[in-house]
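Quick notes on the structure that follows.
In this note's numbering, the protein residues as written are 7 to 272.
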């Protein structure tokens with residue numbers, strides 16, 4: 007039977023060259039060296055050599071995974087996808103993932119809970135967007151459900167109200183109706199639900215400034231009136247009135263403005 011005649015450290019840290027019967031045979035990592043208790047004079051056959059080579063492939067993939075994980079938390083799917091891009095065989099990836107799981111270095115439940123907590127304290131997203139993000143990362147529905155329990159209705163209200171206040175400021179120069187519509191749409195886009203959105207909007211003071219709304223109506227009305235100057239008078243009034251209504255102004259306010267502007271209305 008063949009015998010290991012020399013174990014030589016490579017210049018590359020953690021790597022060793024194995025010589026069998028006086029000839030270079032294959033390299034191994036320090037973890038494989040320890041796990042298989044390799045030593046000079048140890049007998050080795052082809053079956054053992056194959057196991058050593060396979061174990062070394064896993065060790066190399068494992069180190070690649072550790073490097074990828076060193077920057078931030080990753081889901082199991084992210085690690086799998088990364089190793090796949092490195093053209094590592096599927097069976098080696100599976101063994102690597104098992105090793106990572108055994109050492110709790112990949113844990114989708116921990117990732118999901120950590121992500122939810124981060125979004126609660128630093129983000130502006132609701133549960134629907136959070137769920138979508140976790141799905142894209144390959145996290146299972148049950149794990150997502152368990153993590154979202156952390157995002158209590160009270161926490162959602164706090165986060166969503168802060169978002170609503172920012173949106174209210176952003177759209178303060180819109181008509182009252184359009185302002186609320188844009189705020190509602192903004193909250194929906196960020197992943198908040200219907201009943202929760204109503205509570206968030208109720209928590210924000212949306213009492214319109216009458217003078218500001220009148221000035222805004224007049225400004226928009228004059229622009230539209232000028233835009234439709236080529237139309238007949240009745241068509242011009244109709245188009246202006248219709249456009250102002252679409253912008254969220256009340257019909258009574260529009261009619262009053264047209265009257266004050268010196269035009270008759272139907």
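Using N, Cα and C, we set each Cβ at its ideal position, and we do this for glycine too.
C-alpha distance - residue i paired with residue j, whole-angstrom precision
i, j, result
"residue 212", "residue 102", "55 Å"
"residue 186", "residue 175", "11 Å"
"residue 244", "residue 131", "41 Å"
"residue 238", "residue 184", "29 Å"
"residue 144", "residue 122", "15 Å"
"residue 14", "residue 197", "58 Å"
"residue 58", "residue 142", "36 Å"
"residue 30", "residue 16", "12 Å"
"residue 88", "residue 35", "21 Å"
"residue 263", "residue 200", "35 Å"
"residue 2", "residue 224", "There is simply no residue 2 to check, as the chain begins at 7 and stops at 272 in what is shown."
"residue 273", "residue 154", "This structure cannot speak to residue 273, because the chain is shown only from 7 to 272."
"residue 203", "residue 158", "14 Å"
"residue 248", "residue 77", "55 Å"
"residue 54", "residue 138", "46 Å"
"residue 109", "residue 100", "14 Å"
"residue 43", "residue 113", "30 Å"
"residue 21", "residue 52", "21 Å"
"residue 56", "residue 105", "19 Å"
"residue 267", "residue 173", "32 Å"
"residue 63", "residue 98", "7 Å"
"residue 205", "residue 240", "43 Å"
"residue 269", "residue 236", "Confidence in residue 269 is poor, its pLDDT being 49 and thus under 50, which makes the residue's placement unreliable; the coordinate value appears in the next sentence. Those two C-alpha atoms are separated by around 16 Å."
CB of residue i within 7 Å of CB of residue j, strictly
i, j, result
"residue 230", "residue 246", "yes"
"residue 273", "residue 26", "Residue 273 is absent from the structure shown; the chain starts at 7 and stops at 272."
"residue 12", "residue 49", "no"
"residue 207", "residue 227", "no"
"residue 140", "residue 118", "yes"
"residue 85", "residue 67", "no"
"residue 46", "residue 10", "yes"
Of the residues the options, the one placed nearest residue i, counting alpha carbons only
i, options, result
"residue 60", "241, 33, 228, 71", "33"
"residue 120", "109, 98, 81", "81"
"residue 194", "133, 70, 218, 248", "133"
"residue 210", "264, 83, 171", "171"
"residue 220", "200, 54, 18, 254", "254"
"residue 19", "69, 51, 242, 28", "69"
"residue 75", "107, 51, 62", "107"
"residue 260", "222, 234, 232", "222"
"residue 73", "83, 234, 111, 41", "111"
Cβ of residue i within 7 Å of any chain C Cβ
i, result
"residue 178", "No chain C is part of this structure, which consists of one protein chain only."
The segment 126-142 in contact with the segment 180-191 per 3-pair CB rule at 8 Å
no
Specify whether the segment 156-164 and the segment 78-93 touch according to this definition: at least 3 beta carbon pairs, one from each stretch, less than 8 Å apart.
Contact between the segment 156-164 and the segment 78-93 is absent: fewer than three C-beta pairs spanning the two stretches fall below 8 Å.
Specify whether the segment 146-160 and the segment 174-189 touch according to this definition: at least 3 beta carbon pairs, one from each stretch, less than 8 Å apart.
Fewer than three Cβ pairs drawn from the segment 146-160 and the segment 174-189 lie within less than 8 Å of each other, which leaves the two stretches out of contact.
Please give the ranges of any alpha helix (DSSP H) in the segment 96-158, keeping only runs that are unbroken, at least 4 residues long and fully inside the region.
96-108, 114-128, 133-142, 147-154
Could you tell me which uninterrupted alpha helix (DSSP H) segments, each at least 4 residues in length, are contained entirely in the segment 150-212, listed from first to last along the chain?
159-176, 182-195, 200-208
Starting from the N-terminal side, write out each stretch of the alpha helix (DSSP H) that is 4 residues or longer and does not extend beyond the segment 35-92.
36-41, 52-75, 82-91
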